[in-house]
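If you count by the working numbering, then the sequence shown holds residues 1 to 242, one letter each, in order. Let me begin by presenting the structure, written as structure tokens, before commenting on it.
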Amino acid sequence: MTRQDDLDRFYTLLDELEQQVGGTRKLKNCTGYMDWPDRGVYFFLEPGETRESTDQLRVTRIGTHAVSEGSSTTLWDRLKQHYGTGSGSSNHPHGGAHRGSVYRKRVGEAIIEKHGLHDDYPDWDKRWSSINRDRSEVRDEEYILERRVSTYIREQPFLWVNLDDEPSADSDRAYLERNAIALLSNFDKQPIDPRGGGWLGRHSQSQAIRESGLWNVNHVGERYDSGVLELLEDAVDDTTPP
Numbered sequence: 001m002t003r004q005d006d007l008d009r010f011y012t013l014l015d016e017l018e019q020q021v022g023g024t025r026k027l028k029n030c031t032g033y034m035d036w037p038d039r040g041v042y043f044f045l046e047p048g049e050t051r052e053s054t055d056q057l058r059v060t061r062i063g064t065h066a067v068s069e070g071s072s073t074t075l076w077d078r079l080k081q082h083y084g085t086g087s088g089s090s091n092h093p094h095g096g097a098h099r100g101s102v103y104r105k106r107v108g109e110a111i112i113e114k115h116g117l118h119d120d121y122p123d124w125d126k127r128w129s130s131i132n133r134d135r136s137e138v139r140d141e142e143y144i145l146e147r148r149v150s151t152y153i154r155e156q157p158f159l160w161v162n163l164d165d166e167p168s169a170d171s172d173r174a175y176l177e178r179n180a181i182a183l184l185s186n187f188d189k190q191p192i193d194p195r196g197g198g199w200l201g202r203h204s205q206s207q208a209i210r211e212s213g214l215w216n217v218n219h220v221g222e223r224y225d226s227g228v229l230e231l232l233e234d235a236v237d238d239t240t241p242p
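Written out as structure tokens, the structure reads:
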């Protein structure tokens, strides 16, 4: 089987998953009160970004959670970090904390690059430990960009699969995440489903993001194991609407 064949099967399985859960969701419409599986893998898609040969939306971010032994993070815990703060946040409603979400961080970086906002957000790429200013001051300064990131991410349709195994770097979830990223990535490969010129990720500082076509950095240059599709198929069969 070729990579094209495996990609076609991957997207066929996503089609089946979408039908099984009653359609994609958007974070702007989700809450923690929905019946999310405790553990799983998620797939964000990009509005307007379609596969080369069909009108099917293209995956642009793959992720999971709790891959360290002893971790108790749930699927919704991770999705909520990407979502950011809600309307009830006293200081920064509909903002977020990009230092707790690499997805938010990378989207913000691309917005900065696209619009030349480096002087407005000098500390965006820095960890708290390297910032010598009051944290509340930095949060206030970054709030407008956090809101823009929230707006962008909350509009991305996404799907998820239930995959409830114990937290570990060798877990099935880690295996699915790693190999799905490697399969979809165009980094240092003959491009399949090339990314449109309007995709925000083309403005990323990261060559891995620009060339892979994913908001992922890890695993984009790796070889994939086609056995991941068998695991994905089983996970799709085990997934129900929240």
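Yeah, the Cβ is synthetic: ideal placement off N, Cα and C, and Gly gets one too.
What would DSSP say about residue i, mapped onto helix, strand or coil?
i              : result
isoleucine 131 : coil
valine 21      : coil
tryptophan 124 : coil
tyrosine 42    : strand
valine 217     : coil
Work out the CA separation of residue j and residue i for me, nearest whole Å.
i              : j                : result
arginine 106   : histidine 82     : 11 Å
arginine 99    : tryptophan 36    : 24 Å
valine 59      : phenylalanine 44 : 6 Å
threonine 24   : aspartate 164    : 20 Å
aspartate 172  : tryptophan 160   : 14 Å
alanine 110    : histidine 203    : 5 Å
leucine 14     : glycine 227      : 16 Å
asparagine 186 : isoleucine 209   : 9 Å
aspartate 170  : arginine 178     : 11 Å
tyrosine 175   : arginine 154     : 26 Å
tyrosine 152   : tyrosine 11      : 23 Å
alanine 235    : serine 136       : 42 Å
proline 93     : glutamine 156    : 19 Å
Would residue i be called buried (16 or more neighbouring beta carbons within 10 Å of its own) or exposed?
i              : result
tryptophan 199 : buried
lysine 103     : A quick correction: the sequence has tyrosine, not lysine, at residue 103. Classification for tyrosine 103: buried.
glutamate 146  : buried
threonine 64   : buried
lysine 80      : buried
histidine 219  : buried
histidine 124  : Here residue 124 is tryptophan; the residue named in the question, histidine, does not match the sequence. With 16 or more other Cβ atoms within 10 Å, it is buried.
alanine 101    : According to the sequence displayed, residue 101 carries serine and not alanine. Under this definition serine 101 is a buried residue.
glutamine 4    : exposed
serine 245     : Absent from the structure is residue 245, since the part of the chain shown begins at 1 and ends at 242.
If we define contact as Cβ-Cβ less than 8 Å, is residue i a contact residue for chain D?
i           : result
leucine 231 : As a matter of chain content, chain D is missing from the structure shown, which is built from one protein chain.
What do you reckon, are the CB atoms on residue i and residue j nearer than 8 Å?
i            : j              : result
tyrosine 121 : isoleucine 131 : no
glycine 108  : glycine 95     : no
arginine 61  : tryptophan 215 : yes
leucine 231  : aspartate 6    : no
glutamate 69 : serine 168     : yes
arginine 39  : threonine 74   : yes
proline 241  : valine 21      : yes
Next item on the list: Scan the segment 34–119 and note each continuous beta strand (DSSP E) run of 3 residues or more that stays entirely inside, going in chain order.
Entry: 40–50, 57–63
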